[in-house]
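Engineer: Going down the list, the protein sequences come from chains A and B. One rule links them: number in this note's numbering = place in the first sequence (from 1) + 83. One rule links them: number in this note's numbering = place in the second sequence (from 1) + 13. Quick reminder that beta carbons are idealized off the backbone N, C-alpha and C, glycines included. Note that the coordinates shown come from a computational prediction; the quantities given were computed from them, not determined experimentally.
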Amino acid sequence: MTIKDESSDLVIDDEGHVAHEAAPAGRIGETAYLVGAVGLLTATATDALAVAGRHTGFHLLGSIEIVQSAVVFIASAAMVAATVVGSHASVHILTERLSETRVRSLAKFAGLLSALLFGILAAGSIWVASELWSGFEQTELIGIPLKWLRMIWIAAALLIAFLFLRSALRPKP
Amino acid sequence: MTPELIGLAGIILLLVLLTLGVPIGVTLALVGMAGLAVLITPEAAIIKGGVVSFEVISKYELGVLPLFLLMAHICFAAGASRDFFDVAAKFVGHRRGGLALASIGGCAGFGAISGSSLATVATISSVALPEMRKAGYHPGFASGALAAGGTLGSLIPPSGALIVFGIIAEQSIGKLFAAAIIPGLSQALFYMAAIALLCWWKPSLGPSATRVPWRQRLPSLRKIIDLLLLIIFVIGGLMVGWFTPTEAASVGVVGALLLWTLRGGISWKGLFEALRSTLRTTGMIYIVIIGAILFATFISTTGITDIMSSAVTDFHASPLIAILVMALVLLILGSFLDGLALMLLTTPIFLPIAVELGYSPIWFGIFLVRTMEIGFVHPPLGLNVYVIQAMAKDIPLATIFRGIIPFLVVDFLHLGLLIAVPALSLWLPSVTGQ
Numbered sequence: 084m085t086i087k088d089e090s091s092d093l094v095i096d097d098e099g100h101v102a103h104e105a106a107p108a109g110r111i112g113e114t115a116y117l118v119g120a121v122g123l124l125t126a127t128a129t130d131a132l133a134v135a136g137r138h139t140g141f142h143l144l145g146s147i148e149i150v151q152s153a154v155v156f157i158a159s160a161a162m163v164a165a166t167v168v169g170s171h172a173s174v175h176i177l178t179e180r181l182s183e184t185r186v187r188s189l190a191k192f193a194g195l196l197s198a199l200l201f202g203i204l205a206a207g208s209i210w211v212a213s214e215l216w217s218g219f220e221q222t223e224l225i226g227i228p229l230k231w232l233r234m235i236w237i238a239a240a241l242l243i244a245f246l247f248l249r250s251a252l253r254p255k256p
Numbered sequence: 014m015t016p017e018l019i020g021l022a023g024i025i026l027l028l029v030l031l032t033l034g035v036p037i038g039v040t041l042a043l044v045g046m047a048g049l050a051v052l053i054t055p056e057a058a059i060i061k062g063g064v065v066s067f068e069v070i071s072k073y074e075l076g077v078l079p080l081f082l083l084m085a086h087i088c089f090a091a092g093a094s095r096d097f098f099d100v101a102a103k104f105v106g107h108r109r110g111g112l113a114l115a116s117i118g119g120c121a122g123f124g125a126i127s128g129s130s131l132a133t134v135a136t137i138s139s140v141a142l143p144e145m146r147k148a149g150y151h152p153g154f155a156s157g158a159l160a161a162g163g164t165l166g167s168l169i170p171p172s173g174a175l176i177v178f179g180i181i182a183e184q185s186i187g188k189l190f191a192a193a194i195i196p197g198l199s200q201a202l203f204y205m206a207a208i209a210l211l212c213w214w215k216p217s218l219g220p221s222a223t224r225v226p227w228r229q230r231l232p233s234l235r236k237i238i239d240l241l242l243l244i245i246f247v248i249g250g251l252m253v254g255w256f257t258p259t260e261a262a263s264v265g266v267v268g269a270l271l272l273w274t275l276r277g278g279i280s281w282k283g284l285f286e287a288l289r290s291t292l293r294t295t296g297m298i299y300i301v302i303i304g305a306i307l308f309a310t311f312i313s314t315t316g317i318t319d320i321m322s323s324a325v326t327d328f329h330a331s332p333l334i335a336i337l338v339m340a341l342v343l344l345i346l347g348s349f350l351d352g353l354a355l356m357l358l359t360t361p362i363f364l365p366i367a368v369e370l371g372y373s374p375i376w377f378g379i380f381l382v383r384t385m386e387i388g389f390v391h392p393p394l395g396l397n398v399y400v401i402q403a404m405a406k407d408i409p410l411a412t413i414f415r416g417i418i419p420f421l422v423v424d425f426l427h428l429g430l431l432i433a434v435p436a437l438s439l440w441l442p443s444v445t446g447q
């Protein structure tokens, strides 16, 4: 029996070995991993430098704003990657007791609902971004324009909606 | 239809969709937005979705989550998994029940890195269970100790569950980590006391193993000293105010990379895998957080929590009774919902009531995670039990569940202590000035 830890993406096999789930990611997933990895390393380096600087008298201007922007890339890429490899947390109490055909139908239903949700989130984000477009929102210290960060999230939400829709409509073998 | 009834219908719909296998985050967000659309207007719900989703993904404080996860994954890659048990076994293995005591120490140490109950129980069991069985430990007692010890992974900081709670309840993660230290350590001590008492009462449960000479014990500390220093530096630095939680996580990542290099195993392949694993988990949790915030907004708009807390006040019921009822509901729900779903479903409903009754949200976070932990070992879900059974198929499930009973009793006593003495959670954050 293999047990999957939904909250940490770990898989525990028969021997008790703990491994990370590694599903094939494809081109979209690999791109998401790359973007997210760059974001993670940027956030790590920026915050670590800011801490080191604070204790040695060197001030890294706008470190919080840089990390905040990196977090947008990390979160957007991470949600795309999680969708590509299908590692979203769900409750299995019913599904693990049903026949494969029923499970497939429920997965299709879940995929359609998920696509609908991300479509709505993208629509809401587009609505908000369009209202604020001419407001030239930017961060206080180093002036990172927020509208482009909003665009990244909108693109990610639309991509996730597409991925869920594709997985729901694609006939499974 | 009154807002309260709409709220109730929303909760029922949520449970139905969760049972049908719709992802937790998607269910929370859809029900939350549908509820807001009915209660306010569809336009307001769509805009709220847009506002909340961007707020969540652009929040600096939320950077703490992927960065702590990355630190844990790098520590895994550096091979920091079984060392805590090995070292503890050398020190106490020769005592009656000593290997079980060592397994609790191993779970506490490893839990501080992994932040996950299942990963902790699987990793420590894979090394401790064969050792205990070789030493003639009773299978039920050995597996019970391991299943219970594994739950320490969810509470001892840096804990993934506390980070998620801090984000959805808008509480300081530094405070939550500080608040979890005494409950986490006292939980480990409670388990150790139970093991000592059980072995005193029935020595055949955990016979003594071979004594390891001091000249082997002290050098073995070198295997864990780097990890211990990293954990103390990161959590300690956070508590004394050297850095913010997000900075602490970044410093932890740099420290973990350094540790990996010093251990001589760093590789590009391993680093990329750690980054990938971090991103997969992060993506899953971000969707859940967006959903949880939308659901919480819907629940607060319905006024359900106000009605429930005024019902408690009107009945002049003691706040303690209300908390005990909450614990009971959490334990019942924990029988069929996993920890994350349980936390996200109940926080928006129970937290405002607890606050209204005069409880600190920080204390509530510790109470919630502690109660949630019990769900990992109590039947019928008890995932830790299934992990152990997967590794030791010759031990029947019933034997493992029977072995857990004494530890469950200890769990309830410890939970009762946390409820009766909130200072156990709240004293350290007040001292450290978090």
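1. Step through the CB atoms of chain A and report whether any lies within less than 7 Å of the CB of phenylalanine 449 (chain B).
2. With 7 Å as the threshold, decide whether the Cβ of methionine 162 (chain A) is near any Cβ in chain B.
3. Is proline 332 (chain B) helix, strand or coil when you go by DSSP?
4. Name the chain C residues that come within less than 8 Å of threonine 127 (chain A), Cβ to Cβ?
5. Quick one: Cα of proline 419 (chain B) to Cα of glycine 173 (chain B), how far?
6. Out of B:Val44, B:Glu17, B:Val29 and B:Leu18, which one is the CA nearest neighbour of valine 301 (chain B)?
7. Ignoring anything shorter than 4 residues or poking outside the segment 158-196 of chain B, list the alpha helix (DSSP H) runs there in chain order.
8. Can you give the Cα-Cα distance for methionine 84 (chain A) and serine 348 (chain B), rounded to whole angstroms?
9. To which residues does DSSP link proline 228 (chain A) through a beta bridge?
10. Starting from the beta carbon of threonine 222 (chain A), find every residue of chain B whose beta carbon is closer than 8 Å, and list them in chain order.
11. Does leucine 123 (chain A) have its Cβ less than 7 Å from a Cβ in chain B?
12. Can you check which of these residues, B:Leu343, B:Leu333, B:Leu242 and B:Pro374, is closest to alanine 433 (chain B) by C-alpha distance?
13. At a CB-CB cut-off below 9 Å, which residues of chain A make contact with isoleucine 37 (chain B)?
14. Could you compute how far the alpha carbon of alanine 102 (chain B) sits from the alpha carbon of methionine 385 (chain B)?
15. Starting from the C-beta of isoleucine 413 (chain B), find all residues in its chain whose C-beta is less than 7 Å away, skip the five residues before and the five after it, and write them out in chain order.
16. Let me know if tryptophan 376 (chain B) comes out buried or exposed under the rule of 16 or more other beta-carbons within 10 Å of its beta-carbon.
17. Mind checking the segment 219-250 of chain A against chain B and listing, in chain order, the residues whose C-beta falls within less than 8 Å of any C-beta there?
18. Can you tell me where the alpha helix (DSSP H) holding tyrosine 299 (chain B) begins and where it ends?
19. Are at least three pairs of beta-carbons, each pair with one atom in the segment 192-212 of chain A and one in the segment 61-80 of chain B, less than 8 Å apart?
20. With a threshold of 7 Å between beta carbons, is tryptophan 216 (chain A) in contact with chain B?
21. Between the segment 78-97 of chain B and the segment 275-286 of chain B, are three or more C-beta pairs nearer than 8 Å?
22. Going by Cα to Cα distance, which pick from A:Leu195, A:Gly226 and A:Met234 is closest to arginine 253 (chain A)?
23. Residues of the segment 180-199 of chain B in Cβ contact with chain A at a cutoff of 9 Å, in chain order, please.
24. Does threonine 310 (chain B) get closer than 7 Å to chain A when you measure Cβ to Cβ?
25. Given 8 Å as the limit, is there contact between the segment 168-183 of chain B and the segment 135-155 of chain B, that is, 3 or more CB pairs closer than that?
26. List the residues of chain B whose Cβ lies closer than 7 Å to the Cβ of threonine 178 (chain A), in chain order.
27. By DSSP, does methionine 14 (chain B) sit in helix, in strand, or in coil?
Structural biologist: Answer, in terms of the structure:
1. This structure cannot speak to residue 449 (chain B), because chain B is shown only from 14 to 447.
2. Counted from its first residue, the first sequence places residue 162 (chain A) at position 79. So, interface residue.
3. As a working note, residue 332 (chain B) is residue 319 in the second sequence. Helix.
4. Here the protein chains are A and B, and chain C is not one of them.
5. Stepping through the second sequence from its first residue, residue 419 (chain B) is reached at position 406. Stepping through the second sequence from its first residue, residue 173 (chain B) is reached at position 160. Cα to Cα, the separation comes out at about 27 Å.
6. Position 288 of the second sequence holds residue 301 (chain B). Ranking B:Val44, B:Glu17, B:Val29 and B:Leu18 by Cα distance to valine 301 (chain B) puts B:Val44 first.
7. 165-168 and 173-181
8. One-based indexing of the first sequence puts residue 84 (chain A) at position 1. One-based indexing of the second sequence puts residue 348 (chain B) at position 335. Confidence at methionine 84 (chain A) is low in this model, with a pLDDT of 49, below 50, so its placement is unreliable and the value that follows should be read with caution. Each residue's alpha carbon lies about 20 Å from the other.
9. Here residue 228 (chain A) refers to the residue found at position 145 when the first sequence is read from its first residue. Bridge partners of proline 228 (chain A): A:Gln221.
10. As a position in the first sequence, residue 222 (chain A) is number 139, starting the count at 1. Taking the beta carbon of threonine 222 (chain A) as reference, no residue of chain B falls within 8 Å; the closest one sits roughly 10 Å away.
11. Translated into positions along the first sequence, residue 123 (chain A) becomes position 40. Chain B, which has a Cβ nearer than 7 Å to the Cβ of leucine 123 (chain A), makes this yes.
12. The count along the second sequence starts at 1 and reaches residue 433 (chain B) at position 420. Nearest C-alpha to alanine 433 (chain B): B:Leu333.
13. For the purposes of this step, residue 37 (chain B) is identified with residue 24 of the second sequence, where counting begins at 1. By Cβ distance, chain A contributes Glu89, His171, Ala172, Ser173 and Val174.
14. Your numbering for residue 102 (chain B) matches position 89 in the second sequence. Your numbering for residue 385 (chain B) matches position 372 in the second sequence. Looking at the two C-alpha atoms, the distance is approximately 29 Å.
15. The residue labelled residue 413 (chain B) in the question sits at position 400 within the second sequence. So the qualifying residues of the chain are Gly153, Ser156, Gly157, Ala160, Val398, Ile401 and Gln402.
16. As a working note, residue 376 (chain B) is residue 363 in the second sequence. With 16 or more other Cβ atoms within 10 Å, it is buried.
17. Leu229, Leu232, Arg233, Trp236 and Ala240
18. Position 286 of the second sequence, counted from the first residue, corresponds to residue 299 (chain B). Run containing tyrosine 299 (chain B): 281-315, per the alpha helix (DSSP H) assignment.
19. These segments touch.
20. Locating residue 216 (chain A) in the first sequence gives position 133, where the first residue counts as 1. Not one chain B Cβ lies under 7 Å of tryptophan 216 (chain A).
21. yes
22. Stepping through the first sequence from its first residue, residue 253 (chain A) is reached at position 170. For arginine 253 (chain A), the nearest C-alpha among the options comes from A:Leu195.
23. none
24. Start at 1 with the first residue of the second sequence, and residue 310 (chain B) comes out as number 297. For threonine 310 (chain B), the answer is no, since every Cβ of chain A falls outside 7 Å of its Cβ.
25. no
26. By one-based count along the first sequence, residue 178 (chain A) stands at place 95. Result: Gly34.
27. Within the second sequence, the letter at position 1 stands for residue 14 (chain B). Coil at methionine 14 (chain B), not helix or strand.
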